[in-house]
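For the sequence shown, our numbering gives the first residue as 57, with consecutive numbering after it. So the structure is just underneath, and the comments pick up after that.
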Amino acid sequence: MSQVDIRSKIRPFPRIATYPTGWGGRLTFEQIASDISPRMANKLSHFGMYGQDIPDSIQTGLMRLWQRLVEEPELLANDSLLTATWRTLAISKQTTLAKQNRKYLPFTDIACDSGLDVDEYGISGYGPPNQGEPWASWAADVDFRLDITQAMQTIAEDYADDIKGLVALYILTTSVESQAALRAHNLAHTQVYERMSMIRVRLQHLLKDYAPRQPRSWRDRLESGEVEPYLQVVEHYEEKPLALFALYTLTTCAHVRKFARDEKERKMINYYRKKCLKRIEAAYGQAASF
């Protein structure tokens with residue numbers, strides 16, 4: 057081979073680094089970020105994040121992805137765009153950033169949301185940690201007693217001209233022995249017990265705000281915006297794309313066959329679905345619902 061031929065095949069080193077990807081061939085990091093960013097924003101919004109938390113999380117995830125690409129340029133060579141999005145999402149520290157941002161309430165938010173002059177009000181958050189208002193428990197007890205009193209007064213007014221109804225209310229709301237109350241007023245128990253049943257239903261309606269809350273499933277809690285336990289599981293599996301696919305199928309209507317390229321991957325995704333489900337249930341079991 058002549059010297060001319062050798063020189064003709066020499067190409068200058070590219071000034072901008074490119075990285076092999078499984079969805080678009082060799083791309084610059086700017087192109088990779090352009091593909092991933094809108095999909096990350098959509099996922100984060102679906103998880104219930106909003107405001108500055110979304111761009112902060114995207115920026116953090118892309119920065120950490122770039123650091124990994126510098127160390128391992130072939131990192132995305134076999135990744136689809138969806139896999140790369142999940143990979144970046146898992147290292148975006150969205151849970152940490154959301155917690156940090158919720159620690160503080162900016163003046164601008166107070167002014168815009170309430171219309172108040174923020175200079176006239178104190179700033180919360182400077183007291184000892186986890187210090188609750190000393191009067192909160194007392195106020196809740198007072199409200200509860202007042203609501204019960206109001207409910208009993210409402211029912212008493214409804215039965216003001218009905219001695220059987222008043223006796224039924226008296227039996228239900230005191231520790232008096234029912235037979236003694238019936239004998240004292242010379243009443244038949246069938247008529248009084250019928251009114252007792254009606255009064256119970258009425259009291260349940262009047263005091264419905266105090267009814268015990270039914271436990272919610274992790275799906276209900278995730279859909280209502282309680283995403284931190286779920287994101288902890290996502291971060292745990294950040295290095296396992298098939299596990300991230302399994303998580304996606306657990307929380308959406310997507311089917312396993314959409315992501316599995318062969319029978320082996322299908323079995324692995326189903327395997328991870330079981331493991332991820334147990335980890336999600338554990339995560340939400342340890343997190344407070346209310």
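The beta carbon of each residue, even a glycine, is placed where N, CA and C say it ideally should be.
Which residues DSSP lists as bridging residue i, in chain order
i   : result
R82 : P76
Contact check, residue i vs residue j, beta carbons under 8 Å
i    : j    : result
I114 : A140 : no
I255 : L228 : yes
T210 : L262 : yes
L303 : V289 : yes
S147 : E319 : Just to set this straight, residue 147 is Ile in the shown sequence, not Ser. No, these two residues do not count as a Cβ contact at 8 Å.
Y226 : A237 : yes
V248 : A212 : no
C332 : A299 : yes
R277 : Y340 : yes
A195 : L259 : no
F103 : L287 : yes
N134 : G78  : yes
K220 : L243 : yes
W274 : I204 : no
Nearest-angstrom Cβ-Cβ length linking residue i and residue j, presumed shorter than 8 Å
i    : j    : result
I325 : A316 : 6 Å
R124 : P297 : Between P297 and R124 the Cβ distance is about 14 Å, and since that is not below 8 Å, they are no contact.
S36  : I110 : Residue 36 lies beyond the range of the chain shown here (57 to 346); nothing can be said about it.
Contact with chain B by residue i, beta-carbon distance below 8 Å
i    : result
Y327 : Protein chains in the displayed structure number just one, and chain B is not present.
The ligand FAD heavy atom lying under 7 Å from the CB of residue i
i    : result
L263 : For the structure depicted, the ligand FAD is absent and the ligand set is empty, with no information on it obtainable.
(message) I'd like to know if the region 69-87 and the region 127-141 are in contact, where contact means that at least 3 CB-CB pairs between them fall below 8 Å.
(response) yes
(request) Any chance you could list the alpha helix (DSSP H) runs of at least 4 consecutive residues sitting entirely within the region 267-344, in chain order? (result) 274-279, 284-292, 297-307, 319-342
(message) Restricting to runs no shorter than 4 residues, where is the alpha helix (DSSP H) found entirely within the region 79-151?
(response) 85-102, 109-127, 137-146
(request) Run through the region 241-271 for me and flag every whole alpha helix (DSSP H) of 4 or more residues, listed as ranges in chain order. (result) 245-262
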